[in-house]
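**Q** Heads up: the sequence shown begins at 1 in the numbering used here, then just goes up one per residue.
By construction, the Cβ of each residue, glycine as well, lies at the ideal position given by its N, Cα and C atoms.
Pasting a structure below so you can have a look.
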Amino acid sequence: MRILVTGAAGFIGSNYVRELLGGSYAGYETARVTALDCLTYAGNLANLPTGHPRLEVVRADVRSRDALLDVLPGHDAVVHFAAESHVDRSVADAAPFFSTNVLGTQNLLDCCLATGVSRVVHISTDEVYGSIAEGSWDEAQPLLPNSPYAASKAASDLVARSYWRTHGMDISITRCANNYGPYQNAEKAIPRFVTSLLDGGTVPLYGDGRNVREWLHVADHCRAVQLVLEKGRAGGIYNVSGETELTNLQLVGHLLELFDVGPERIRWVTDRKGHDLRYSLDDGLIRRELGYRPQVDFRQGLAEVVEWYRGHRDWWEPGKHSE
Ligand code: NAD
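If you want it as structure tokens, here you go:
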């Protein structure tokens with residue numbers, strides 16, 4: 001079994017590769033992994049094991065047809081994480097988002113088609129649905145993305161679906177909630193808050209802090225991705241919810257508690273343009289059909305993440321978001 005993982009040097013991709021090579025997934029203990037990444041600011045080779053006998057690292061861009069036609073032959077499946085992933089950056093400059101997320105996905109699927117690699121898991125996001133004040137989305141809800149990031153992900157999600165429908169490729173799609181865990185770039189909410197607190201600084205909170213997100217531990221997300229890879233239907237779309245729904249203010253409250261500091265460490269900042277109020281997924285389908293169950297308790301997972309960032313200053317300090 002040979003699996004090609006795109007975006008493998010990023011946050012979720014590298015967690016997935018480490019779990020896969022570490023033997024977390026029964027039946028895949030001997031799987032060989034090709035970690036493909038073009039190493040944008042978000043990719044870091046230090047996220048991947050060094051010198052692992054079943055790991056090959058390839059520096060390549062998913063938009064390069066030549067590179068993909070060269071590397072894809074011989075693989076049994078592709079797990080496609082590669083993307084531009086930060087909403088704020090998409091507000092400042094959307095071009096790389098549409099280029100990598102949409103055209104990169106189309107190029108990757110064309111190359112899979114040309115090389116006979118039919119099995120693909122495409123990693124999408126809850127943000128493709130837009131924003132929901134009450135209730136939760138199931139997979140049949142229309143896609144109404146609001147940010148350029150979400151629009152580019154919605155487009156790539158539909159590109160993936162179209163290659164299943166048109167070409168009969170064995171493609172499944174996951175749409176997951178906000179992930180948290182080790183190796184997440186310090187520009188994203190939880191690491192940004194944690195690293196600011198570790199530096200003795202304040203936590204920047206958007207707007208009135210009432211935006212609601214669901215939080216999913218990256219190990220649970222990777223478990224879901226693996227289940228979909230193994231048992232997901234061709235053309236199947238699977239929400240992966242976070243179970244823990246919190247306003248940003250509540251999230252920060254948990255962190256302040258872990259650091260044993262008070263609300264004076266909150267710094268209110270101007271809201272993000274077009275900031276979605278709430279995301280909420282119904283993930284009954286992946287639970288019923290594939291037997292998915294999250295395993296990481298949020299409070300414990302968050303405390304472990306704080307300890308991880310405390311112990312890995314060398315990893316995050318060079319790329320820390322400038323306040
Ligand atoms: P990330 O930004 O940490 O990692 C993305 C990786 O893709 C980086 O290593 C980067 O170098 C690589 N990459 C970017 N452009 C590339 C290109 N053109 N060719 C090859 N590699 C390229 O992102 P992440 O948080 O790990 O997210 C992974 C996937 O999961 C993305 O598709 C994202 O949309 C999706 N997702 C993430 C979250 C989350 O909470 N982080 C939630 C839902 C969905």
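(1) Helix, strand or coil for Glu323 per DSSP?
(2) Got a sec? Which residues, its chain only, sit under 7 angstroms from Leu229 by beta carbon, not counting five neighbours each side?
(3) My output table needs one value for Asp37: the three-state DSSP class, helix, strand or coil.
(4) Alpha carbon to alpha carbon, what distance is there between Ser147 and Gly232?
(5) Compute the minimum distance between the beta carbon of Lys153 and the heavy atoms of the ligand NAD, and state whether it is under 7 angstroms.
(6) Considering only residues of the segment 25 to 73, which uninterrupted beta strand (DSSP E) runs meet the minimum length of 3 residues and lie entirely inside it, listed in chain order?
(7) Grab the span of the alpha helix (DSSP H) containing Asp157 for me, first residue to last.
(8) Rounded to a whole number of angstroms, what is the C-alpha to C-alpha distance between Glu323 and Met1?
(9) Is Ala177 helix, strand or coil by DSSP?
(10) Report buried or exposed for Val212, applying the criterion of at least 16 other Cβ atoms within 10 angstroms of its Cβ.
(11) At the level of alpha carbons, what is the spacing between Ile123 and Leu72?
(12) Would you say Ser131 and Arg278 are within 8 angstroms of each other, going by their C-beta atoms?
(13) Select from Ala140, Ala82, Arg161 and Tyr129 the residue whose C-alpha is nearest the C-alpha of Ala8.
(14) Over what stretch of residues does the beta strand (DSSP E) that includes Thr100 continue unbroken?
(15) Could you check what DSSP says for Tyr183 in three-state terms: helix, strand or coil?
(16) Measuring from the CB of Cys38, is there a heavy atom of the ligand NAD at a distance below 7 angstroms?
(17) Mind checking which residues open and close the alpha helix (DSSP H) that includes Asn107?
(18) Does any heavy atom of the ligand NAD sit closer than 7 angstroms to the C-beta of Thr125?
(19) Sorry if obvious, but does the Cβ on Gly10 come closer than 7 angstroms to a heavy atom of the ligand NAD?
(20) Would you please state the rounded distance, in angstroms, between the beta carbons of Val159 and Val102? I believe it to be under 8 angstroms.
(21) Run through the DSSP bridge pairs and tell me what Tyr206 is partnered with.
(22) Let's test the definition: count the other Cβ atoms within 10 Å of the Cβ of Trp164 and tell me whether it reaches 16, buried, or not, exposed.
(23) Please report the straight-line C-alpha distance between Arg288 and Leu246, rounded to a whole angstrom.
(24) Of the choices Arg299, Arg18 and Val269, whose alpha-carbon is the least far from that of Thr55?
(25) What are the partner residues of Ser172, as DSSP defines its beta bridges?
(26) How would you label Arg223, buried or exposed, when you count the other beta carbons within 10 angstroms and need 16 or more for buried?
(27) Measuring alpha carbon to alpha carbon, tell me which of Ile286, Asn248 and Ala155 ends up nearest Trp268.
(28) Report the partner residues of Glu214 according to the DSSP bridge assignment.
(29) Under the criterion of a Cβ to heavy atom distance below 7 angstroms, does Asp61 qualify as lining the ligand NAD?
(30) Leaving aside the five residues before and after Arg32 along the sequence, list all residues of the same chain whose C-beta is less than 6 angstroms from its C-beta, in chain order.
(31) Compute the minimum distance between the beta carbon of Phe298 and the heavy atoms of the ligand NAD, and state whether it is under 7 angstroms.
**A** In terms of the structure at hand:
(1) Because the pLDDT of Glu323 is 46, which lies under 50, any placement of that residue in the model is unreliable, and the question is left without a value.
(2) Ala77, Val79 and Val121
(3) strand
(4) 28 angstroms
(5) yes
(6) 32 to 37 and 55 to 59
(7) Pro148 to His167
(8) Note that Glu323 scores a pLDDT of 46, beneath 50, so its modelled location is shaky and nothing firm can be said.
(9) coil
(10) buried
(11) 18 angstroms
(12) yes
(13) Ala82
(14) Taken as a continuous stretch (DSSP letters only), Thr100 belongs to no beta strand (DSSP E), as it is neither H nor E.
(15) coil
(16) yes
(17) Thr105 to Thr115
(18) yes
(19) yes
(20) 7 angstroms
(21) Val269
(22) buried
(23) 25 angstroms
(24) For the sequence presented, residue 55 should be read as Leu rather than Thr. If we check each option's Cα against that of Leu55, Arg18 comes out closest.
(25) Val121
(26) buried
(27) Asn248
(28) Glu245
(29) yes
(30) Arg2 and Arg54
(31) no
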